[in-house]
Amino acid sequence: MSLEIKVPEVGESITEVTISEWFKQDGDYVEMDEIICELESDKASFELNAEASGVLQIKAQAGETLEVGAVICVIDTEADKDSRSAGEEQTDDSKSVKEEHTNDSKSVGEEHTNDSKSVGEEHTGEVVEMRVPEVGESITEVTLATWIKQDGDYVELDENIADIDSDKASFELPAEANGILHPVAQEGDVLEIGALICKIEVTDAASASDTKKVPVSEAAQGAQPNRAGPDYAKGHPSPAAAKILSEKGIPPADVDGSGVAGRITKEDAVAAQVKTSSPPQQQVKTAEPAPTVPSGQRNQRREKMSSLRKTIARRLVAAKNETAMLTTFNEVDMKPIMDIRSKYKEKFKEKKEVGLGFMSFFTRAVCLALQEWPAVNAMIDEQEIVYNDFCDISIAVSSPKGLVVPVIRNAEMLSFEGIEKEVVRLAVKAREGKLSIEEMTGGTFTITNGGIFGSMLSTPIINQPQSAILGMHNIVERPVVVDGEIVVRPIMYVALSYDHRIVDGRESVSFLYRVKEFLEDPARMLVGI
53 MSLEIKVPEV GESITEVTIS EWFKQDGDYV EMDEIICELE SDKASFELNA
103 EASGVLQIKA QAGETLEVGA VICVIDTEAD KDSRSAGEEQ TDDSKSVKEE
153 HTNDSKSVGE EHTNDSKSVG EEHTGEVVEM RVPEVGESIT EVTLATWIKQ
203 DGDYVELDEN IADIDSDKAS FELPAEANGI LHPVAQEGDV LEIGALICKI
253 EVTDAASASD TKKVPVSEAA QGAQPNRAGP DYAKGHPSPA AAKILSEKGI
303 PPADVDGSGV AGRITKEDAV AAQVKTSSPP QQQVKTAEPA PTVPSGQRNQ
353 RREKMSSLRK TIARRLVAAK NETAMLTTFN EVDMKPIMDI RSKYKEKFKE
403 KKEVGLGFMS FFTRAVCLAL QEWPAVNAMI DEQEIVYNDF CDISIAVSSP
453 KGLVVPVIRN AEMLSFEGIE KEVVRLAVKA REGKLSIEEM TGGTFTITNG
503 GIFGSMLSTP IINQPQSAIL GMHNIVERPV VVDGEIVVRP IMYVALSYDH
553 RIVDGRESVS FLYRVKEFLE DPARMLVGI
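Here my numbering is used: the first residue of the sequence shown is 53, the next is one more, and so on.
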């Protein structure tokens, strides 16, 4: 019996995914629930598990973009491990025949310069041209992100040689033959589908150990590299490093390489500085003074936007263009909360094994206020307004790859301990890039804290399809009037951006003022008044 494994539903707004990596090969025996591949969407990465035990038959390759519900592989559940061993031999034989036929067909029409070579010599005379593959019906161009292998390296069939980015996902480029790699495109180049990306000078696999790291000029002539000393690659930049040095106008000879055998890496090129010499003495004219020439450097650096950054940019622009967004402000006296934290934070951490931060107070205050003003917790779905009787609070977190917004589910039911532990768990996963699709979708209201970076005031952008977002800022001691007297208090400005199509001015101002009341008198959160 053959069981079809299809692309699962991974989020309400996600219609397609990209296969980033296969952990199992075609013909492998897999166990039920074993991880067989990794999938990527424009929001996160997640793993695909085998739905049964059996022999795997792969239907879509790494780098392909599939719609939700498309067949990704088939598992033969009637096969067992013993039959797999016999089947692998047959598969390998058929694969060899297929490769031989493919190589023969590629050689037709090509010039054979090595006919006089004896059997067993490393170069076959065949050159395989690799072009940008089809990666999705809506994708017309890709960006060459990183060369995993360098010019002159020996590569094996199906070995990953480069990483390629599209506007939806990243994927690997496997080698199409055994041989010497000669890149044509450089890191950072934008290439159309079908464009030439590299060439592979085909060699016998048995000579792999003798042909690794052959420079391009020597590989083309069949010469052996000179490796008399440990610094044979000194002064030779990688393709990415060469491009950066060229833009800076720095000769490779002026850069000390930190790579293998002294090779200049991309990091070396980024850190390299133009060597400046003392300017010659200029003759001073008595009638007209010489102009002053600034001696500062004027370097520039360009980087391609990542797929995640493009998605963030697209969503933020859409929020500005598709919502009637307004922002209302207020200020909060943070002294009562700071007094509670100073008094109980040590005992809280000792007993609960988590710190008592500001986020638990704000999340609790927001949940209580949302229950009083449900429009702030609602969203528009075409011609209807959807009201939520639960509070799924999205927390904006800055990760190495960009802004992500994981969700605290049913935050209205959590204690201060539960909120703090969930904030820590999601923040750690965000920094490690391990957040799942489920953990980043479905929020009803967002809290963002620009104060940790020193922001005094801002107008946060709504996280669609939500209708509002609360912005926290830094705490500054300011003079305020209390009971007719001027006193100094730790003050935080808070901002509520909201969609005026759903939330009226009375509701937005009243909601934010209610949050202020809860924060300035935390006892209200205990008794609900």
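From the three backbone atoms N, C-alpha and C, an ideal C-beta is built for every residue, glycine too.
- Task: Could you please give me the residues that DSSP links to Asp551 through a beta bridge?
- Result: In the sequence shown, residue 551 corresponds to position 499, counting from 1. DSSP output for Asp551 lists Met377 as bridge partner(s).
- Query: Between the beta-carbon of Thr195 and the beta-carbon of Val242, is there less than 7 Å?
  - Reply: The residue given as residue 195 occupies position 143 in the sequence shown. The residue given as residue 242 occupies position 190 in the sequence shown. Going by C-beta atoms, Thr195 is nearer than 7 Å to Val242.
- Range covered by the beta strand (DSSP E) that runs through Thr498: The residue given as residue 498 occupies position 446 in the sequence shown. Counting along the chain, Thr498 sits inside the beta strand (DSSP E) bounded by residues 497 to 501.
- Message: Between which residues of its own chain and Leu248 is the CB-CB distance below 7 Å, once the five residues before and five after are set aside?
- Response: Reading the sequence shown from its first residue, position 196 is the one you call residue 248. Only Glu181, Arg183, Val236 meet the Cβ criterion.
- Backbone secondary structure at Ser412 - three-state DSSP: Against the sequence shown, residue 412 aligns to sequence position 360. Reduced to three states, the DSSP call for Ser412 is helix.
- Item | Where Phe570 falls: helix, strand or coil (DSSP) | On the sequence shown, position 518 is the one that residue 570 refers to. Three-state result, Phe570: helix.
- Task: Inspect the beta-carbon positions of Met492 and Pro452 and report whether they are closer than 7 Å.
- Result: Locating residue 492 in the sequence shown gives position 440, counting from the first residue. Locating residue 452 in the sequence shown gives position 400, counting from the first residue. No. Outside cutoff.
- Three-state secondary structure (DSSP) at Lys265? Here residue 265 corresponds to residue number 213 of the sequence shown, with the count starting at 1. Annotation note: pLDDT 43 at Lys265 (below 50); position unreliable, coordinate value reported separately. If DSSP states are grouped into helix, strand and coil, Lys265 belongs with coil.
- Starting from the Cα of Asp385, find the closest Cα among Met524, Ser72, Ile216, Asp205 and give me that residue. Taking the sequence shown and counting its residues from 1, one reaches residue 385 at position 333. If we check each option's Cα against that of Asp385, Met524 comes out closest.
- Identify which residue in Leu487, Ile57, Thr70, Ser560 has its Cα closest to the Cα of Ile124. If you number the sequence shown from 1, residue 124 lands on position 72. When each option's Cα is compared against that of Ile124, the closest is Ile57.
- Message: Taking 8 Å as the cut-off, does the segment 511 to 522 touch the segment 540 to 547 (at least 3 CB pairs, one atom from each stretch)?
- Response: yes
- Item | Per-residue burial, Ser467 [other beta carbons within 10 Å of its own, 16 or more giving buried] | Counted from its first residue, the sequence shown places residue 467 at position 415. It is exposed - the Cβ of Ser467 has fewer than 16 other Cβ atoms within 10 Å.
- Query: Roughly how many whole angstroms lie between the Cα atoms of Val579 and Glu472?
  - Reply: Taking the first residue of the sequence shown as position 1, residue 579 is located at position 527. Taking the first residue of the sequence shown as position 1, residue 472 is located at position 420. Spanning the two alpha carbons is a distance of roughly 21 Å.
- Message: Under 8 Å, with one C-beta from each stretch per pair, do the segment 555 to 568 and the segment 392 to 408 reach the 3-pair mark?
- Response: no
- Would you kindly report the start and end of the unbroken beta strand (DSSP E) that includes Leu196? To locate residue 196, count along the sequence shown from 1; it is residue 144. Element bounds for Leu196: 193 to 199.
- Item | First and last residue of the uninterrupted alpha helix (DSSP H) at Leu108 | Within the sequence shown, numbered from 1, the residue matching residue 108 stands at position 56. Not the alpha helix (DSSP H): Leu108 falls in the beta strand (DSSP E), residues 106 to 110.
- Message: By alpha-carbon positions, which one of Ser507, Glu474, Leu455 ends up nearest to Glu464?
- Response: As a position in the sequence shown, residue 464 is number 412, starting the count at 1. It is Glu474 whose Cα lies nearest to the Cα of Glu464.
- Query: Which same chain residues, not among the five before or five after Ser358, have their C-beta less than 8 Å away from its C-beta?
  - Reply: Here the question's residue 358 lines up with position 306 in the sequence shown. So the list reads Asp217, Lys453, Gly454, once near-sequence residues are dropped.
- Would you tell me roughly how many angstroms separate the C-alpha atoms of Val555 and Arg366, rounded to the nearest one? As a first step, residue 555 must be located in the sequence shown, where it is residue number 503. As a first step, residue 366 must be located in the sequence shown, where it is residue number 314. One C-alpha to the other measures close to 24 Å.
- Assess, as a yes-or-no matter, whether the segment 65 to 75 is touched by the segment 98 to 118 under the definition of 3 or more beta carbon pairs within less than 8 Å. The segment 65 to 75 and the segment 98 to 118 touch, with three or more beta-carbon pairs separated by less than 8 Å.
- Message: Judging by CA-CA distance, which residue of Arg483, Ala293, Met577, Ala448 is the nearest neighbour of Trp199?
- Response: For the purposes of this step, residue 199 is identified with residue 147 of the sequence shown, where counting begins at 1. Answer by Cα proximity: Ala293.
- Message: Using a 10 Å radius around the Cβ and a threshold of 16 neighbouring Cβ atoms, would you call Ala575 buried or exposed?
- Response: By one-based count along the sequence shown, residue 575 stands at place 523. Burial call: exposed.
- Measure the beta-carbon distance from Glu383 to Ile543 and round it to whole angstroms, keeping in mind my assumption that it falls under 8 Å. For the purposes of this step, residue 383 is taken as the residue at position 331 of the sequence shown. For the purposes of this step, residue 543 is taken as the residue at position 491 of the sequence shown. Confirmed, about 5 Å.
- Query: Where does Asp556 sit, in a helix, a strand or coil, going by DSSP?
  - Reply: Here residue 556 refers to the residue found at position 504 when the sequence shown is read from its first residue. In the structure shown, Asp556 sits in coil (DSSP, three-state: anything other than H, G, I, E or B).
- Query: Just reading off the beta strand (DSSP E) that Leu55 is part of, what are its end residues?
  - Reply: In the sequence shown, counting from the first residue as 1, residue 55 sits at position 3. Going by DSSP, Leu55 is part of the beta strand (DSSP E) stretching over 54 to 58.
- Within its chain, find whatever has a CB closer than 7 Å to the CB of Arg361; leave out the 5 residues flanking it on each side and keep chain order. Locating residue 361 in the sequence shown gives position 309, counting from the first residue. Counting only Cβ-Cβ distances below 7 Å, and skipping sequence neighbours, we find Gly454.
- Can you find at least 3 beta carbon pairs, one from the segment 443 to 452 and one from the segment 387 to 397, that sit closer than 8 Å? no
- Task: Out of Ala448, Pro303, Pro289, state which residue places its alpha-carbon closest to the alpha-carbon of Gly314.
- Result: Here the question's residue 314 lines up with position 262 in the sequence shown. Of Ala448, Pro303, Pro289, the residue nearest in Cα terms is Pro289.
- Taking Arg483 as the reference, give the member of Gln352, Ala448, Glu490 with the closest Cα. Residue 483 sits at position 431 when you count from the first residue of the sequence shown. The residue among Gln352, Ala448, Glu490 with its C-alpha nearest the C-alpha of Arg483 is Ala448.
- Task: Rounded to whole angstroms, what's the CA-CA distance from Ile504 to Asn526? Just pull it up for me.
- Result: Indexing the sequence shown from 1 puts residue 504 at position 452. Indexing the sequence shown from 1 puts residue 526 at position 474. Whole-angstrom Cα-Cα distance: 7 Å.
- Message: Taking 6 Å as the limit between beta carbons, can you name the residues of its chain near Ala421, skipping five residues before and five after?
- Response: Walking along the sequence shown from the start, residue 421 turns up at place 369. Once the five neighbours on either side are set aside, the close Cβ partners of Ala421 are Phe563, Arg566, Val567.
- Buried/exposed call for Thr500, threshold 16 Cβ in 10 Å: For the purposes of this step, residue 500 is taken as the residue at position 448 of the sequence shown. Buried, by the Cβ-count rule.
- Query: If we ignore side chains and look at the alpha-carbon of each, how far apart do Asp433 and Pro517 end up?
  - Reply: Locating residue 433 in the sequence shown gives position 381, counting from the first residue. Locating residue 517 in the sequence shown gives position 465, counting from the first residue. Going by the C-alpha atoms only, they are around 8 Å apart.
- Item | Local Cβ density within 10 Å of Phe414, reported as buried at 16 or more and exposed below that | Here the question's residue 414 lines up with position 362 in the sequence shown. Residue environment: Phe414 is assigned as buried (16 or more neighbouring CB atoms within 10 Å of its CB, all protein chains considered).
- Message: Do Ile127 and Ala112 have their beta-carbon atoms positioned less than 7 Å apart in this structure?
- Response: Taking the sequence shown and counting its residues from 1, one reaches residue 112 at position 60. Taking the sequence shown and counting its residues from 1, one reaches residue 127 at position 75. No. Outside cutoff.
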